[in-house]
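Asks: Numbering (the working numbering), first residue to last: 7 to 241.
A virtual CB, placed ideally from N, CA and C, is assigned to each residue, including glycine.
If you're wondering where the values come from, they're calculated on a predicted model, not measured in any experiment.
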């Protein structure tokens, strides 16, 4: 599937860029463990040093499942807009497709601010606001509508379980997609990387913080991320 390939590319880029080791402290903001029928799709499943990674997720069932599936993991049920950590507690924050789920732009500002406060570097991914296919509702062109119209469409037309989510009319989707220019404003000084081929960018990746001081090394990693696996970490 396209989403699987995209997720794999993002993970390969993360590991190529940061080359984490047993001393690297990582915050996974809004992450979760993979389900049994779809294993090894998330950072938590692949990260070999579980005692050095902290998961923060707003939803307790996700926290509970991750803690049970991944012994040694620190999993916290908490609000990404008010993180319970001191400044620069983590070497890197990884957040995959979460920032578009915090309802509105003001919350996105808070989300970005907290990431930059508690982390020395960050790796944040999100769907492209102007990509012609909406990844949550599985509908073409809907992202080009005003947000309230997107919500109205979502309540009437959906895809599998998402149709039930929007269908009641009382539900209000939390999705607020971001453009490249808005990401640059949220994460000043960061690089906003296109995850895709030229002219076809379904996803953006924000890379920022101390990692950018590596200059040419960052450029090389972005241009050609290395395939990563558990055996890579062991070698």
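Determine the DSSP secondary structure at residue 30, reduced to helix, strand or coil.
Replies: In the structure shown, residue 30 sits in coil (DSSP, three-state: anything other than H, G, I, E or B).
Asks: Using a Cβ-Cβ cut-off of 6 angstroms (strictly less than) and excluding sequence neighbours within five positions of residue 77, which residues of its own chain qualify?
Replies: The answer is none, since no qualifying residue turns up.
Asks: What first and last residue would you give for the alpha helix (DSSP H) that runs through residue 68?
Replies: Here the alpha helix (DSSP H) through residue 68 covers 66-75.
Asks: By DSSP, does residue 175 sit in helix, in strand, or in coil?
Replies: Any reading at residue 175 needs caution, since the residue's pLDDT is 36, under 50, leaving its predicted position unreliable; the model's value is listed next. Three-state result, residue 175: coil.
Asks: Opposite residue 96 in the DSSP bridges: which residues?
Replies: 125.
Asks: Check whether the segment 71-87 and the segment 17-33 touch, using three or more Cβ-Cβ pairs below 8 angstroms as the test.
Replies: Counting Cβ pairs under 8 angstroms, fewer than three are found: no touch.
Asks: May I ask you to report which of helix, strand or coil DSSP gives residue 101?
Replies: Strand, per DSSP.
Asks: The alpha helix (DSSP H) that contains residue 61, what's its start and end?
Replies: Unbroken run through residue 61 is the beta strand (DSSP E), 59-63; no alpha helix (DSSP H).
Asks: Would residue 15 count as contacting chain D if we go by Cβ distances under 7 angstroms?
Replies: Reference to chain D is not applicable here, since this structure consists of a single protein chain.
Asks: Go through its chain and collect everything with a Cβ distance to residue 57's Cβ below 6 angstroms, but skip five positions before and after it.
Replies: Contacts found: 78.
Asks: If we call anything under 7 angstroms between Cβ atoms a contact, is residue 152 one with residue 18?
Replies: In this structure, residue 18 does not lie closer than 7 angstroms to residue 152 by Cβ.
Asks: From what residue to what residue does the alpha helix (DSSP H) around residue 224 run?
Replies: Residue 224 -> alpha helix (DSSP H) spans 222-229.
Asks: Could you tell me which residues DSSP pairs with residue 83 in its beta bridges?
Replies: 63.
Asks: Counting only the same chain and skipping the five closest in sequence on each side, list residues whose C-beta sits under 7 angstroms from that of residue 68.
Replies: Only 38 meet the Cβ criterion.
Asks: Using CA atoms only, rank isn't needed, just tell me which of 22, 182 and 12 is closest to residue 235.
Replies: Answer by Cα proximity: 22.
Asks: Between which two residues does the alpha helix (DSSP H) harbouring residue 189 extend?
Replies: Looking at the DSSP string, the run of the alpha helix (DSSP H) that includes residue 189 is 186-192.
Asks: What does a CB cutoff of less than 6 angstroms around residue 193 pick up in its chain, not counting 5 residues either side in sequence?
Replies: Cβ within range, chain order: 118, 212 and 214.
Asks: Locate the beta strand (DSSP E) running through residue 210, then write down its first and last residues.
Replies: Start and end: 206-215.
Asks: In terms of alpha-carbon separation, which member of 148, 121 and 217 lies closest to residue 93?
Replies: Closest by alpha carbon: 121.
Asks: May I have the straight-line CA-CA distance separating residue 217 from residue 80, to the nearest angstrom?
Replies: About 24 angstroms.
Asks: Give me, in chain order, the residues of the same chain whose beta-carbon lies closer than 7 angstroms to that of residue 196; leave out the 5 immediate sequence neighbours on both sides.
Replies: Excluding residues within five positions, the ones whose Cβ falls inside 7 angstroms are 212, 213 and 214.
Asks: How far does the alpha helix (DSSP H) with residue 49 in it reach, from first residue to last?
Replies: 49-52 is the extent of the alpha helix (DSSP H) around residue 49.
Asks: Here's a check: name, in chain order, each residue in its chain whose Cβ is nearer than 7 angstroms to the Cβ of residue 106, leaving out the five neighbours to either side.
Replies: Contacts found: 132, 133, 181, 182, 183 and 184.
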